[in-house]
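**Q** Dumping the structure here so I can ask a few things about it.
2 protein chains.
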Amino acid sequence: MFWILFCIFLAACLGAGATGGLFPPGPWYRSLTKPWFTPPDWVFPVTWMVLYVCMATAGARVAQLDGNGVAMAFWALQIALNGLWTPVFFGLQNIRVGLFVVLGLWVAVALGMGAMWQIDPVSGLLFAPYLLWVTIASALNAAVWRLNPQAVRAGRPSA
Amino acid sequence: MFWILFCIFLAACLGAGATGGLFPPGPWYRSLTKPWFTPPDWVFPVTWMVLYVCMATAGARVAQLDGNGVAMAFWALQIALNGLWTPVFFGLQNIRVGLFVVLGLWVAVALGMGAMWQIDPVSGLLFAPYLLWVTIASALNAAVWRLNPQAVRAGRPSA
């Protein structure tokens with residue numbers, strides 16, 4: 001049963017992660033002034049693949065336990081917000097709404113981690129690198145906002 | 160506990176649904192040849208709000224039950240794919256990838272409905288209008304593909 005659940009949760013991660021291939025960082029992102037702690041482009045997909053495996057493992061473990069309601073609800077919320085950030089930031093080039101989305105994601109990941117910790121500490125720990133990465137992503141998005149006032153004003157027409 | 164869970168699942172729905180406001184149907188969509196069964200624009204947000212309430216209710220009910228693992232995993236998968244379709248179709252104007260996404264969503268909703276039905280028939284029934292709507296959306300996407308070969312070839316640069 002673990003592996004069936006793992007595959008479904010991993011498919012959810014890959015669904016959200018498909019936005020990374022569909023809305024890649026293009027000339028617009030390269031033109032932005034980035035903060036000193038910006039990772040090189042190749043780090044993002046590698047890190048996400050590791051995090052997806054951690055997230056799917058945590059989801060599959062917790063899904064088998066009784067009393068998993070709150071943890072499962074936050075798992076669903078975090079994947080919905082996870083898949084929203086890339087189209088907003090790279091697709092719409094909307095740095096402002098992107099920051100709200102990534103901060104909402106941070107809250108969902110933190111609360112989900114707490115809920116998982118209560119019924120399966122291993123799953124809680126598996127979310128720790130995810131929370132760390134979303135913290136870095138939030139700081140990156142905030143710094144890009146501060147360093148690129150003209151890009152924040154410009155935005156991009158949605159159609 | 161039901162209402163806490165309902166609010167978290169509804170937030171996940173609204174996270175996925177935010178793509179509807181961020182990537183609205185614009186001049187490109189209006190320029191497409193649509194099939195005879197295309198609903199008017201205002202029907203979409205109204206229908207989705209009703210479906211979100213049904214989906215969040217089903218999620219909150221099933222989340223409280225033991226043995227909910229597969230149902231919860233599919234709930235997460237369907238919301239990830241749900242939030243992916245709008246940025247692909249209206250954002251990238253990619254009719255082809257949009258069809259693959261909505262067909263994947265159809266499978267996730269159907270399997271999730273079956274898994275919920277086994278542990279809580281009411282929740283399974285609450286997913287029935289959702290499956291019907293995704294069936295219509297799939298047919299609409301497929302018909303738009305067939306009726307607009309030039310738009311299918313054109314696509315839109317992602318950045």
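If you're matching them up, the sequences are chains A and B in order.
With my numbering applied, the first sequence corresponds to residues 1 to 159, in that order.
With my numbering applied, the second sequence corresponds to residues 160 to 318, in that order.
From the three backbone atoms N, C-alpha and C, an ideal C-beta is built for every residue, glycine too.
Tell me which same chain residues have a C-beta within less than 7 Å of the C-beta of A:ALA16, skipping the five on either side of it?
**A** ILE79, ASN82, GLY83
**Q** Anyone know if the C-beta pair for B:PHE286 and B:ALA215 falls short of 7 Å?
**A** no
**Q** How is the alpha helix (DSSP H) around A:LEU92 delimited, first residue to last?
**A** Per DSSP, A:LEU92 belongs to no alpha helix (DSSP H) and is neither H nor E.
**Q** Is it the case that the Cβ atoms of B:GLY228 and A:ALA58 are separated by a distance below 7 Å?
**A** no
**Q** I'd like to know if B:ILE295 contacts chain A, where contact means its C-beta is closer than 7 Å to some C-beta of that chain.
**A** no
**Q** Which term fits B:VAL281, buried or exposed, when burial requires 16 or more other beta carbons within 10 angstroms of its beta carbon?
**A** When all chains shown are included, B:VAL281 counts as exposed.
**Q** With distances taken from CA atoms, which of B:TRP195, B:CYS213, B:LEU299, B:PRO183 is nearest B:GLY250?
**A** B:PRO183
**Q** Please give me, in chain order, every unbroken run of the alpha helix (DSSP H) with length at least 4 that falls completely inside the stretch 173–236 of chain B.
**A** 186–190, 202–222
**Q** From A:GLY26 to A:LEU132, what distance separates their C-alpha atoms?
**A** Rounded to the nearest angstrom, the two C-alpha atoms are 25 Å apart.
**Q** Mind checking whether A:ALA76 and B:ALA171 have CB atoms under 7 Å apart?
**A** yes
**Q** For B:LEU284, does the three-state DSSP call read helix, strand or coil?
**A** Of the three classes helix, strand and coil, the one that applies to B:LEU284 here is helix, per DSSP.
**Q** Strictly under 7 Å for the Cβ-Cβ distance: is A:ASN98 near chain B by that measure?
**A** Note that residue 98 of chain A is Gly in the sequence shown here, rather than Asn. Answer no: the Cβ-Cβ gap between A:GLY98 and chain B never drops below 7 Å.
**Q** Taking all protein chains shown into account, decide if A:ALA151 is buried (16 or more other Cβ within 10 angstroms of its Cβ) or exposed.
**A** buried
**Q** Can you find the residues in the same chain that come closer than 8 Å, C-beta to C-beta, to A:ILE95, ignoring five residues on each side of it along the sequence?
**A** The residues are PHE89, ASN141, VAL144, TRP145, ASN148, ALA151, VAL152.
**Q** Please report the distance separating the alpha-carbon of B:VAL293 from that of B:SER190.
**A** So the two alpha carbons sit approximately 23 Å from each other.
**Q** So, is B:THR245 buried or exposed, given that buried needs 16 or more other C-beta atoms within 10 angstroms?
**A** buried
**Q** Residues of chain B with a CB under 8 Å from the CB of A:PHE9: which are they?
**A** ALA232, ALA235, LEU236
**Q** To be precise: take each residue of the stretch 237–252 of chain B, compare its Cβ to all Cβ atoms of chain A, and keep it if any distance is under 7 Å. Which residues remain?
**A** Taking 7 Å as the upper bound on Cβ-Cβ separation, chain A lies near residues ILE238, ALA239, LEU240, GLY242, LEU243, PRO246, VAL247, PHE249, GLY250, LEU251 of the stretch 237–252 of chain B.
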